[in-house]
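A short worksheet on the structure shown next.
Numbering (the working numbering), first residue to last: 695 to 1013.
The following block contains the structure:
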């Protein structure tokens, strides 16, 4: 899925594929949830309306930007596996984008490319191992116009738009996934190296907790983060830093205090907003010998199910 951004590729190489595969399937399941499940999800308590509105505004602005260009840095710390990697992110007028990310862990190398020319979104993942073996390459595509048309036919229903966002790739897709899975219950401000940020923090909603085995107060598996924290630039509302956090058990300085460590950090630097970009950045030709998986119908089916759920709700019911 295009939602498998650089963070996912790196973590797969790092050996945390169990969580990431489960998260991807859960996102798809939730997008097609029944009316009963959708209604139940609204009972998650203590969500901060201010934090949720900020996240949505940050995502919406990414769609409105003329362009975004940035360097992407990633730090992964999962068990005894720790490494850093970097890549580039370029987005033109929505939905054009190009994400390239390279990572090397031990004898395994990985490369992720997500490229959209405004008509087709291509996702290419390559894994190389030592020993002269042929690299494993997976390629998928999504017809963007078909997805946008389905959203328009839904009456621009928020749930249909969210599903479309999950399938569009890039940073907006990552924010859409977080909005889908998390309850954002805290919002503060911070200043880092002269830059002012809104900081919002989220935790898994009740449905995700249950599926990850964390309901009833049970601790989540070691490979599943407990929280996510976003640093959103106060001036531009760009999500410059995203941390996936694990609660630290054991000795804590103050009774009742909680301490977290970052399992995975995504940080953007050299950010240029609304600057010039080249159309060549958004061109892609798939390898001729690789079978391409078309994901368009998957997204259209999910949007249709979400639309049907809305139509079956009682008049005046909250989305």
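Built from N, CA and C at the ideal position, the CB exists for glycine as well.
contact_flag[the segment 886-894, the segment 914-930] where n(CB pairs < 8 angstroms) is 3 or more: yes
Counted within 10 angstroms of its Cβ, other Cβ atoms place residue 984 as buried (16 or more) or exposed: On the chain shown, residue 984 is found 290 positions in, with the first residue counted as 1. So residue 984 ends up on the exposed side.
Pair within 9 angstroms by beta-carbon distance, residue 961 and residue 766: As a working note, residue 961 is residue 267 in the chain shown. As a working note, residue 766 is residue 72 in the chain shown. Contact: yes.
Of the listed residues 938, 927 and 876, nearest to residue 903 (C-alpha basis): Indexing the chain shown from 1 puts residue 903 at position 209. Of the listed residues, the one whose Cα sits closest to residue 903 is 876.
DSSP beta-bridge partners of residue 885: Your numbering for residue 885 matches position 191 in the chain shown. DSSP, once it has assigned bridges, lists 890 as partnering residue 885.
Delimiting residues of the beta strand (DSSP E) encompassing residue 965: Translated into positions along the chain shown, residue 965 becomes position 271. Looking at the DSSP string, the run of the beta strand (DSSP E) that includes residue 965 is 953-967.
The alpha helix (DSSP H) enclosing residue 752, as first and last residue numbers: For the purposes of this step, residue 752 is identified with residue 58 of the chain shown, where counting begins at 1. First-last of the alpha helix (DSSP H) with residue 752: 743-758.
Close beta carbons around residue 929, own chain, < 8 angstroms, minus the five adjacent residues each side: Numbered from 1 along the chain shown, position 235 holds the residue referred to as residue 929. 890.
Close Cβ partners of residue 988 (< 8 angstroms) along its chain, the five nearest in sequence each way excluded: Translated into positions along the chain shown, residue 988 becomes position 294. The beta carbon of residue 988 sits closer than 8 angstroms to the beta carbons of 834, 835, 836 and 837 from its chain, once the five residues preceding and following it are set aside; these are given in chain order.
Cβ shell of residue 973 (< 6 angstroms), same chain only, five flanking positions each side left out: Taking the first residue of the chain shown as position 1, residue 973 is located at position 279. The answer is none, since no qualifying residue turns up.
C-alpha gap between residue 980 and residue 792, whole angstroms: Start at 1 with the first residue of the chain shown, and residue 980 comes out as number 286. Start at 1 with the first residue of the chain shown, and residue 792 comes out as number 98. Each residue's Cα considered, the two are about 14 angstroms apart.
Nearest-angstrom Cβ-Cβ length linking residue 787 and residue 778, presumed shorter than 8 angstroms: Residue 787 sits at position 93 when you count from the first residue of the chain shown. Residue 778 sits at position 84 when you count from the first residue of the chain shown. With a Cβ gap of about 32 angstroms, residue 787 and residue 778 do not count as contacting.
Cβ-based neighbour list, residue 884, same chain, cut-off 6 angstroms, excluding 5 preceding and 5 following: Translated into the one-based positions of the chain shown, residue 884 becomes position 190. In chain order, 891 and 893 place their CB closer than 6 angstroms to the CB of residue 884, counting only its own chain and leaving out the 5 sequence neighbours on each side.
Beta-ladder partner(s) of residue 938, from DSSP: Taking the chain shown and counting its residues from 1, the one referred to as residue 938 is at position 244. Paired residues: 922 and 958.
Simplified DSSP assignment, three categories, for residue 932: By one-based count along the chain shown, residue 932 stands at place 238. DSSP places residue 932 in coil when its eight states are reduced to three.
Local conformation of residue 1014 per DSSP, three classes: In this structure the chain extends from 695 to 1013, so residue 1014 is not present and cannot be described.
Whether residue 821 touches residue 804 by CB criterion (9 angstroms): Locating residue 821 in the chain shown gives position 127, counting from the first residue. Locating residue 804 in the chain shown gives position 110, counting from the first residue. Yes, Cβ-Cβ distance for residue 821 and residue 804 is below 9 angstroms.
3 or more residues per run - each beta strand (DSSP E) lying fully within the segment 764-793: 775-785
Residue 774 burial status per 10 Å Cβ neighbour count (16 or more: buried): Your numbering for residue 774 matches position 80 in the chain shown. When all chains shown are included, residue 774 counts as exposed.
Buried or exposed (CB count within 10 angstroms, at least 16 for buried), residue 966: Taking the first residue of the chain shown as position 1, residue 966 is located at position 272. Residue 966 should be labelled exposed.
Exposure label - residue 747; buried when at least 16 CB within 10 Å: As a working mapping, residue 747 is identified with position 53 in the chain shown. The residue is exposed, with fewer than 16 neighbouring Cβ atoms inside 10 Å.
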